[in-house]
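Working notes, structure below.
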Amino acid sequence: MGATPGYSRLFLVVTCAACIVLGMIGASTYRIDSATAPGGVHGGLRVSHRSVATETTAVALNPPSRHSSSSSPPPPAVMRARSEIDDSLAAAANFEREAARASFEGLIHVVRVAVKNSTRRNVTCSSRVLDKLEFAHRRPRPRELTTFGVYNQTKLAVSALWSVRTVEHAVLGPVPICLTPNVDLAKPFGAWGAFFINKTTKKRPSPLQLLPSEPPPHVAVVSPGVSASGYTITCEGVALTAGGCLWELSAPRPLPWQAAVPARIVVSLCDAWCKGYYHFTHEHLPRVALVHPLLVSGEAVLALPHRMNSFQQQFFEDILGIKRIEVGTVAGGVVLHPSPMRCGNTFSGTLHLFRRLVFSRLNITHRLSAQRGAKLRLLFAERSKGSRMATNYKAIKSHLMSRFQHKLDFNTTTGREHVMDQINLFARADIVLGPHGANLANSMFMRSGSHVVEMASMAKGNMCYYTTAVRVGLQYHFVPHMNGKDAAYVLAPELIERHIQEAIARISSAFDQNQQQQLSD
């Protein structure tokens, strides 16, 4: 790629853990039951406001109490004895199954109806001050909304909304595997007071461990609309959030409504931080899975706020087969806004749809398929400039390669490889070892049941890859050091060896259990 993908760039100022906490604060732990959720169910897919077969004009925006507390369902009793909290591995398997069942025929029909209606419409759109639908920050500001608040108000502001049925429970992540002596993860640590508890403990989990329930993956259909800075702007002047971490909308005045050709379909995506590998792959890129059939066929054009860098081009063109891409403020008769995600968060339903899309295009299996006696694969996920790596990292690597030469095959990635090669390396790995940073971002493509071993600062407490591991169904190992995020540190090679031994033992045990299950079936 010519340059390390994103992890050496200056604009990655805010750390992943900050992103996660920003995303979790204000996020609802509520559950929307299918019996009470707004909108009906049509062919296994939810469509707000109307049946997909109904042809109507855009719904006028008239939300009298749009920023009131009623925008979210009432909170359940604390944990409800955890009856609505899913185990992380089971939840990942459920999301994977739901992704496999997803059909996009309903979306294509809804979009084509919207295009047909747009050719009949003669409207004058507003260029007044824009009214943003925005996720709450870590410290909520006036007019900001919870996750479900944004979802519910989006349904009021758009022409139609198509969604995928998916798992809706909150997910309680397991306690990270930590073998460092005298480290108690049940006590708050790091800049954000992270802590982890066993599921049998009555204490309420921290926001890092308890991933809240989330709205179903959906696509808002705006007709006509304008894509600017990743936001989608409706004719009535409502700006749907781009998601991510920036909360910055830059749009020309007046908006180019005259360029909104009725038959033109536009997909709005990204913000300025998409230039960073972690933010791109975790906060924005997975949204493409919801509209991919329209993009790969050329029926829709992808609107980005900036020119593509090398890894973005490799993802869009080489992996996803998307060729029609425009940069800047783009108007369309129909603008599609895939469900946005909070800062530092890849919502599980959207993530599994995206994994399924990428895996199908690269012919990758979803789960570990280890064979008894076969060598497992260990991938060293290194940072090209050596930042955040242990001072004695070379000694650690040499020790592991010597100690496990008869049990493991070894590979190394520095992030300079083509994205397709990086994904394949992570997807083939049974175990990935690396320091904290975007060098671990591709762990989102690891197969469920594999292990990721992260060396990270306990003083800082950046746990964004723990969250990714929980959503994907990985076993997460935390190897803490007590210095700052970018400070020098030393780790005992024997400690890392114990983590690798633990991973091998757990993979072998899982293989044996699968074999016994198959025999009993």
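For the sequence shown, the working numbering begins at 1 and goes up steadily by one. Even for Gly, the Cβ is constructed at its ideal location relative to N, Cα and C.
Within the model, the alpha-carbon separation for A260 versus A228 is close to 13 Å. If you check the CB distance, S206 and F195 come in under 8 Å. G230 and A242 have their C-alpha atoms spaced approximately 5 Å apart. Assignment of P174 by DSSP, reduced to helix, strand and coil, places it in the coil class. A distance below 8 Å between beta-carbons, with the five flanking residues on each side excluded, links G349 to the following residues of its chain, in chain order: F95, E98, A99, V164, T166, V167, E214, P216, P217. Under DSSP, M455 takes part in a beta bridge, and its partners are P435, V479. Secondary-structure assignment with DSSP links N411 through a beta bridge to L379. From the listed residues Y277, A114, S88, the smallest Cα separation to Q314 is found for Y277.
With 16 or more other Cβ atoms from the protein chains shown falling within 10 Å of its own Cβ, K460 counts as buried.
Exposed is the label assigned to E317, since fewer than 16 other Cβ atoms lie within 10 Å of its Cβ. Per DSSP, P338 is not a residue of any alpha helix (DSSP H); the beta strand (DSSP E) it occupies stretches across 334-338. Between the alpha carbons of N439 and H306 lies a gap of roughly 23 Å. About 6 Å separates the beta carbons of A456 and P480, which is inside the 8 Å limit, making them a contact pair. Per DSSP, V158 is not a residue of any beta strand (DSSP E), being assigned neither H nor E. The residue from L246, V226, R112 with its alpha-carbon nearest to that of W162 is R112.
A contact is defined here as three or more CB-CB pairs under 8 Å, and the segment 389-406 fails this definition with respect to the segment 234-248.
About 13 Å separates the Cβ atoms of I322 and V358, ruling out a contact at the 8 Å cut-off. The alpha carbon of D430 has as its nearest neighbour, out of A441, M420, E417, M446, the alpha carbon of M446. A contact is defined here as three or more CB-CB pairs under 8 Å, and the segment 325-334 fails this definition with respect to the segment 372-390. Pairing R361 with D409 gives a Cβ-Cβ distance that is not under 8 Å. In this structure L294 is not in contact with D271, their Cβ atoms being roughly 21 Å apart against a cut-off of 8 Å.
V288 and S268 have their C-alpha atoms some 10 Å from each other.
Where A272 is concerned, there is no enclosing alpha helix (DSSP H), because DSSP gives it neither an H nor an E. When only Cα atoms are considered, C274 and L179 end up about 35 Å apart.
Collapsing the DSSP output to three states places E317 in a helix. E105 counts as exposed, since fewer than 16 other C-beta atoms from the protein chains shown sit within 10 angstroms of its C-beta. DSSP places R342 within a strand segment (E or B) once states are collapsed to three. Residues of the same chain with a CB within less than 7 Å of the CB of G333, apart from the 5 flanking positions on each side, are V115, S118, S223, P224, A260, V261, P262, A263, R264 in chain order. Scanning its chain for C-beta atoms nearer than 7 Å, with the 5 sequence neighbours on each side dropped, one finds around F426 the residues L379, V432, N442, S443, F445, M446, in chain order. Taking a 10 Å sphere around the C-beta of K485, we find 16 or more other C-beta atoms and assign the residue as buried. Nearest Cα to P181 within the set L211, M482, S509, L285: M482. Out of L495, C125, V452, Y466, the CA that lies nearest to the CA of Q258 is found in C125.
Residue environment: T365 is assigned as exposed (fewer than 16 neighbouring CB atoms within 10 Å of its CB, all protein chains considered). As the crow flies, the alpha-carbon of V158 is around 7 Å from that of T234. Between I108 and R355, the alpha-carbon positions lie close to 21 Å from each other.
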